Amino acid sequence: MSKNQEAMEAHGEHGERRDIEALLTVLDAADRSPDSTRLRARSYELLSLVPDSTVVDVGCGAGRAVAELAERGVRAVGVDPSPWMLAAARERWPEGEFREAGAEALPFADGSVRGYRADKVFHVLPEPGHAVAEARRVLCPGGRIVLVGQDWDAIMIDSADAALTRTIVQARADLMSTPRAGRQYRGLLLDGGFGDVTVEAHTSVFTDPAMLSLLVRLAEPVCESGAIGRDQADDWLAEQRRRAETGRFLVAIPFFVAAASAR
């Protein structure tokens, strides 16, 4: 391997680590909110947990749900494709069980899992149907699946420039694999052969200035894509920082929660 190749790989690793750290900042800020706490609790309720059964949390990130599920008396296993995320999860929850895997290839035998949960995962998958098929494979008959996810096309942000805000939200959504996966959960589960499908909509409201990092993650990729100019991005983010400093910051995110039973 050449030094240039080594440097490129090292840069890639450092870049991924920085991106994970930035994402964790957003997730941690969101997870602390009362709305997010209630939403997680609702997802656990919909799993109809059976003591000592196996429940997999797909795309577990830093592992908070794995720890909370374990507290409820099940064998919770977190899976995530990112080694950096898993390192953070193991550091935060050393008693937890975590495995490196993607949603399309889970490290479980057929019918060996009683509960399946995926929170804020399907929007990054190019083919969510493949993940649903994999969920059905690992779930035992009567096992429960719960999908939680935001609708990226419908994020609401208080701003003086409504038109620019709509452009940023929609352009950022268009850069994702499946930005509207949440509203498609019901169809995905029905197509996947699941029964007793239910769908709920919850809106989480964030006023914590720590969520400014989410808006940076919205605006910067949109600017890089050319959908808005550098000056527009800077002015929009500056307005949001002023709002945060004066207690006027507000972001509202609609979440879909779908649940079903394996046949």
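Residue numbers (the numbering used here): 96 to 358. For glycine and all other residues, C-beta sits at the position ideal for the given N, C-alpha and C. Fair warning: this is a prediction, and the values are worked out from it, not measured in the lab.
Item: Start-to-end residues for the alpha helix (DSSP H) that takes in H225; Value: P223 to V233
Item: As assigned by DSSP and simplified to three states, the class of P176; Value: coil
Item: DSSP-derived helix/strand/coil call for L270; Value: coil
Item: Counterpart residues of H297 in DSSP-defined beta bridges; Value: F350
Item: Buried versus exposed, by CB contacts within 10 Å (16 or more), A328; Value: buried
Item: Rounded C-alpha distance that separates F217 from G244; Value: 7 Å
Item: Own chain residues within Cβ distance below 7 Å of W188, not counting five before or after; Value: G158, V161 and A162
Item: C-alpha distance - V346 paired with E229, whole-angstrom precision; Value: 34 Å
Item: A404, enclosing beta strand (DSSP E) - first and last residue; Value: Since the first and last residues shown for the chain are 96 and 358, residue 404 lies out of range.
Item: Reduced DSSP secondary structure (H/G/I, E/B, other) of A105; Value: The predicted model places A105 with a pLDDT of 35, which falls under 50 and marks its position as unreliable; any figure quoted below should be read in that light. DSSP places A105 in helix when its eight states are reduced to three.
Item: Own chain partners of L288 with C-beta closer than 7 Å, once the 5 adjacent residues on each side are dropped; Value: The sequence shown places Gly at residue 288, rather than the Leu named in the question. Here the set comprises R231 and R358.
Item: P223 classed as buried or exposed, judged by whether at least 16 other C-beta atoms fall within 10 angstroms; Value: buried
Item: Run of the alpha helix (DSSP H) containing D329, from where it starts to where it stops; Value: R325 to E340
Item: Nonlocal neighbours in the same chain, by C-beta distance under 6 Å from T298, ignoring five residues either side; Value: A347 and P349
Item: Span separating the alpha-carbon of A353 from that of P304; Value: 30 Å
Item: For R371, the three-state DSSP class (helix, strand or coil); Value: For the chain, the structure presents residues 96 to 358; residue 371 sits outside this window and is missing.
Item: L242 - DSSP class collapsed to helix/strand/coil; Value: strand
Item: Residue span of the beta strand (DSSP E) that contains E190, given as start and end; Value: Segment: none, E190 is in no beta strand (DSSP E) and carries neither H nor E.
Item: CA nearest to the CA of L220, picked from G154, L332 and G191; Value: G154
Item: Residue environment, T366, which counts as buried when at least 16 other CB atoms sit within 10 Å; Value: Residue 366 cannot be examined here, being either before or after the span of the chain that is shown, 96 to 358.
Item: CB of G156 within 9 Å of CB of A136, strictly; Value: no
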